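Protein sequences, first through last, are from chains A and B. Whatever position you read off the first sequence (first residue = 1), add 49 for this note's numbering. Whatever position you read off the second sequence (first residue = 1), add 49 for this note's numbering. We treat Cβ as the ideally placed atom computed from N, Cα and C, and that holds for glycine. As the structure is a prediction and not an experimental result, all values here were calculated from the model.
There are 2 protein chains.
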Amino acid sequence: MLRLAVVGHLARTSGDFNLSDMAGGAGRMDVLCRCVSASFFLSHEFRRDVECFLVLLGEPDTPKIIRFSGEHLRYLSPDERSAGSLIKKALSIPVGTEFRESTPGVTVRRGGVSDIVKEYPFAVLDEGGTDIRTVDTLPDSYILSDHLDFTPPEMDLLAGKERFSVGPCALHANHAITVLHNEIDRRRAGW
Amino acid sequence: MLRLAVVGHLARTSGDFNLSDMAGGAGRMDVLCRCVSASFFLSHEFRRDVECFLVLLGEPDTPKIIRFSGEHLRYLSPDERSAGSLIKKALSIPVGTEFRESTPGVTVRRGGVSDIVKEYPFAVLDEGGTDIRTVDTLPDSYILSDHLDFTPPEMDLLAGKERFSVGPCALHANHAITVLHNEIDRRRAGW
Numbered sequence: 050m051l052r053l054a055v056v057g058h059l060a061r062t063s064g065d066f067n068l069s070d071m072a073g074g075a076g077r078m079d080v081l082c083r084c085v086s087a088s089f090f091l092s093h094e095f096r097r098d099v100e101c102f103l104v105l106l107g108e109p110d111t112p113k114i115i116r117f118s119g120e121h122l123r124y125l126s127p128d129e130r131s132a133g134s135l136i137k138k139a140l141s142i143p144v145g146t147e148f149r150e151s152t153p154g155v156t157v158r159r160g161g162v163s164d165i166v167k168e169y170p171f172a173v174l175d176e177g178g179t180d181i182r183t184v185d186t187l188p189d190s191y192i193l194s195d196h197l198d199f200t201p202p203e204m205d206l207l208a209g210k211e212r213f214s215v216g217p218c219a220l221h222a223n224h225a226i227t228v229l230h231n232e233i234d235r236r237r238a239g240w
Numbered sequence: 050m051l052r053l054a055v056v057g058h059l060a061r062t063s064g065d066f067n068l069s070d071m072a073g074g075a076g077r078m079d080v081l082c083r084c085v086s087a088s089f090f091l092s093h094e095f096r097r098d099v100e101c102f103l104v105l106l107g108e109p110d111t112p113k114i115i116r117f118s119g120e121h122l123r124y125l126s127p128d129e130r131s132a133g134s135l136i137k138k139a140l141s142i143p144v145g146t147e148f149r150e151s152t153p154g155v156t157v158r159r160g161g162v163s164d165i166v167k168e169y170p171f172a173v174l175d176e177g178g179t180d181i182r183t184v185d186t187l188p189d190s191y192i193l194s195d196h197l198d199f200t201p202p203e204m205d206l207l208a209g210k211e212r213f214s215v216g217p218c219a220l221h222a223n224h225a226i227t228v229l230h231n232e233i234d235r236r237r238a239g240w
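Written as structure tokens, this is what we have:
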């Protein structure tokens with residue numbers, strides 16, 4: 050099981066955003082949609098052994114965590130609007146601190162970075178870390194940030210965690226997920 | 050200069066498609082939009098030394114080639130709608146067999162796979178090729194297909210060309226571009 054968490058610093062936390070304005074009024078929800086797509090899609094298959102968490106820290110009902118579980122996930126297509134539509138539905142139901150299902154394989158709860166880092170042993174994926182190609186055993190849980198850097202309070206929460214980099218250039222979060230998957234795919238296949 | 054060409058087998062060839070239905074009525078234009086984004090975006094920079102060609106083979110005015118030139122490209126954001134909007138504009142102007150600019154860095158002409166493979170020495174990027182990590186010198190021009198396989202006539206046009214693979218799993222075209230970029234980034238940076 051590979052577990053990925055992406056922090057959306059401005060991402061809207063209610064379902065009232067417009068699917069045609071995800072890069073604007075929805076707080077760069079487009080970035081998170083691309084991360085969902087990168088987490089799960091192969092060309093003709095679906096990565097069932099992945100969980101993708103979106104940690105949404107924007108207005109008006111912050112913070113919330115949406116979990117996409119590959120094992121049960123349905124109705125997801127690779128395009129941004131498809132992921133956006135499932136996120137919109139998740140953000141439209143009343144939630145407490147326990148995960149509640151909005152559509153098959155998509156669950157939502159209240160919670161932020163401080164909650165999720167207590168629950169899973171995340172490594173941090175960012176450009177300052179150790180090259181993933183040089184590591185004997187890669188972790189199975191990673192947290193990464195959207196188009197903005199982790200804030201100082203988030204850095205405090207992540208202090209002491211292992212840090213890994215996918216390459217010499219700072220990449221968009223979805224591209225980093227794709228490169229990480231490639232490294233794991235190669236190891237599993239004995240390439 | 051890295052040159053990427055993506056064949057969109059069903060991609061609409063007029064600008065009358067709906068940006069909110071790119072995965073449907075526009076003939077999986079969403080796939081091509083993600084390829085454009087993967088071709089050019091770094092986290093805080095733009096890959097100016099890239100050209101991305103979209104070869105559009107759908108109705109109603111097939112075939113057309115749109116060229117995104119990183120050196121001159123403007124008005125492109127990473128989201129699908131942004132690339133879709135530039136494609137829509139390119140497909141809305143009258144064209145002949147010479148490239149004509151629709152927006153800065155975006156040009157369009159009539160032409161198909163048989164034309165573009167005569168003009169550039171493309172290698173083929175697909176899952177059956179040689180692992181890119183094992184090659185001493187990587188080519189600088191690649192052609193790849195959208196969500197559909199190359200057709201038998203296209204395979205004939207591509208016969209005898211070098212073939213490269215980015216990993217053991219068949220990936221979406223945009224993900225393959227991201228992994229290829231990562232390998233090239235690493236070589237350039239001496240990683």
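Among the options, whose alpha-carbon lies nearest the alpha-carbon of residue i?
i         : options                                       : result
Trp240(A) : Leu51(B), Asp198(B), Leu106(B) and Thr183(B)  : Thr183(B)
Lys138(B) : Pro153(B), Ala219(B), Pro127(B) and Ala238(B) : Pro153(B)
Phe102(B) : Asn67(B), Gly216(B), Val155(B) and Val215(B)  : Val155(B)
Leu125(B) : Arg83(B), Thr200(B) and Ala54(B)              : Arg83(B)
Ala225(B) : Val215(B), Leu59(B), Phe90(B) and Val144(B)   : Val215(B)
Leu53(B)  : Ser92(B), Thr111(B), Arg116(B) and Phe95(B)   : Arg116(B)
Glu203(A) : Val56(A), Ile136(A) and Pro109(A)             : Val56(A)
Lys167(B) : Lys210(B), Arg149(B) and Asp128(B)            : Lys210(B)
Ile181(B) : Arg236(B), Pro170(B), Val157(B) and Tyr169(B) : Arg236(B)
Pro201(A) : Leu51(A), His58(A) and Met50(A)               : His58(A)
Ile136(A) : Leu51(A), Ile165(A) and Ala75(A)              : Ala75(A)
Phe213(B) : Tyr191(B), Ala72(B) and Leu91(B)              : Tyr191(B)
Thr227(A) : Ala172(A), Asn67(A), Leu91(A) and Gly73(A)    : Leu91(A)
Leu81(A)  : Gly119(A), Met50(A), Gly133(A) and Thr111(A)  : Gly133(A)
Glu150(A) : Arg97(A), Ser118(A), Gly161(A) and Ile165(A)  : Ser118(A)
What does the Cβ neighbour count give for residue i, buried or exposed, with the cut at 16 atoms within 10 Å?
i         : result
Thr186(A) : exposed
Lys113(A) : buried
Phe95(A)  : exposed
Pro143(B) : exposed
Arg77(A)  : buried
His230(A) : buried
Thr120(B) : According to the sequence as given, residue 120(B) is Glu; it is not Thr. With fewer than 16 Cβ atoms within 10 Å of its Cβ, Glu120(B) is classed as exposed.
How about residue i and residue j: do their beta carbons lie closer than 8 angstroms?
i         : j         : result
Val41(B)  : Ser88(B)  : Since the first residue shown for chain B is 50 and the last is 240, residue 41(B) is missing from the structure and cannot be characterised.
Asp189(B) : Ala222(B) : no
Leu197(B) : Leu174(B) : no
Ser163(A) : Leu207(A) : no
Gly64(B)  : Leu140(B) : yes
Arg159(B) : Gly145(B) : yes
Ala238(A) : Glu176(A) : no
Arg130(A) : Ser69(B)  : yes
Pro62(B)  : Pro127(B) : First, the residue type needs correcting, since residue 62(B) is Thr and not Pro in the sequence shown. No, the Cβ-Cβ distance between Thr62(B) and Pro127(B) is not below 8 angstroms.
Ala72(A)  : Gly107(A) : no
Phe148(A) : Val157(A) : yes
Pro217(A) : Asp234(B) : yes
* What are the start and end residues of each continuous beta strand (DSSP E) run of 3 or more residues lying completely inside the stretch 165 to 201 of chain B, in chain order? -> 172 to 180 and 190 to 194
* Which parts of the stretch 75 to 147 of chain B are runs of the beta strand (DSSP E), unbroken and 3 residues or longer, counting only runs that do not cross its ends? -> 99 to 105 and 113 to 118
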